[in-house]
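Numbering (the working numbering), first residue to last: -5 to 322. Data block below; observations after.
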Ligand SMILES: Cc1cc2nc3c(=O)[nH]c(=O)nc-3n(C[C@H](O)[C@H](O)[C@H](O)COP(=O)(O)OP(=O)(O)OC[C@H]3O[C@@H](n4cnc5c(N)ncnc54)[C@H](O)[C@@H]3O)c2cc1C
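Next comes the structure, spelled out in structure tokens:
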């Protein structure tokens, strides 16, 4: 039986993976999405972070890549399973027998839940083959320079759609930006909505996408229909950024009878323990009064939980020492 199962490889799970290995724990980490990195990787990889200790600023994507490479040393002790969720959990012999959706059956003494806001996937552009990838259709902006001087269409009317449309112009990536929204009013911060005009962004609303023209894995153009007049427009572009939001897939965490808030956050003790003494939680899925939800808070909760997990594994008197004392 191994020591730990970490559920979720967002920033907090990735950090927990590194630290668990350094603390000498053995086990597994699972991630429901195709890629590790959680919300920062999926939602805002190109944004700058200003609140990471030791960095006056760092690009989110670079920070997540650093977290991933930091896990390398721990990858022998802690096995990573991507695109994997929990199927069943049974308590057995002072631990848990967990069946995973990749058909692996694992036994662990403790569980650390770092599942954040759940396994979310972007809401996709309609009229397309959902199994097919399209080179110039992005659900997250992962490499801004690719868009330099290109004609870009942003679809959506929420904060992230409005933010990206403004950002592309303000950061001098391209001046050729169109935003398409199916309602008359945006659901975004008013000051950013006003910037759309200042930035000379073409606004098409209220229009919905009636059809999509595709050629060789590329989106060529969109057929738009005006919500009221039913006027039809044909619009071509080099890149299409869809910001319709995300849907959260069921995470199977209801397998555990854990005490949660009405918003389904897991209530934890100062030790990181949930109401089950061998199940811990850290990061965006964990709650205690006065909590501020950001990455640094989650990192602190993760290492604290791991410290207490080492006590379960090695006995209450055990102290793992500082990680700087660990021999390479
Ligand atoms: C637009 C935006 C900007 C932000 N800016 C900042 C900032 O500047 N600084 C900052 O510190 N924070 C920022 N945040 C908040 C930050 O992103 C979160 O605090 C952080 O992502 C929480 O990390 P996490 O690992 O707990 O959860 P998540 O990032 O949500 O990751 C959880 C991971 O677990 C996986 N998962 C969930 N359930 C399961 C399951 N059952 N099985 C397998 N895998 C599962 C998910 O797929 C996901 O990869 C921002 C958030 C947003 C939306």
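Virtual Cβ for every residue (Gly too), placed ideally from N, Cα, C.
- With a cutoff of 8 Å, residue 40 does not count as near ligand 1, since its C-beta is closer than that to no heavy atom of the ligand.
- The region 302 to 315 and the region 41 to 58 do not touch, with fewer than three beta-carbon pairs separated by less than 8 Å.
- Relative to the Cα of residue 192, the nearest Cα in the group 214, 156, 174, 176 belongs to 156.
- DSSP places residue 195 in the coil class of the three-state scheme, outside both helix and strand.
- If you draw a straight line from the Cα of residue 216 to the Cα of residue 150, it comes to about 14 Å.
- When 199, 247, 173 are compared, the shortest CA-CA separation from residue 179 is found for 199.
- In this structure, DSSP gives residue 233 an extended state, which the three-state scheme calls strand.
- Taking a 10 Å sphere around the C-beta of residue 196, we find fewer than 16 other C-beta atoms and assign the residue as exposed.
- Pairwise C-beta distances place the region 218 to 228 out of contact with the region 156 to 169, as fewer than three of them are shorter than 8 Å.
- Put simply, the region 233 to 248 touches the region 103 to 122. At least three CB pairs are less than 8 Å apart.
- Contact between the region 22 to 38 and the region 62 to 76 is established, with three or more Cβ pairs separated by less than 8 Å.
- Partner residues in a beta bridge of residue 35, as assigned by DSSP, do not exist.
- Straight-line spacing of the CA atoms in residue 146 and residue 137 works out to 13 Å.
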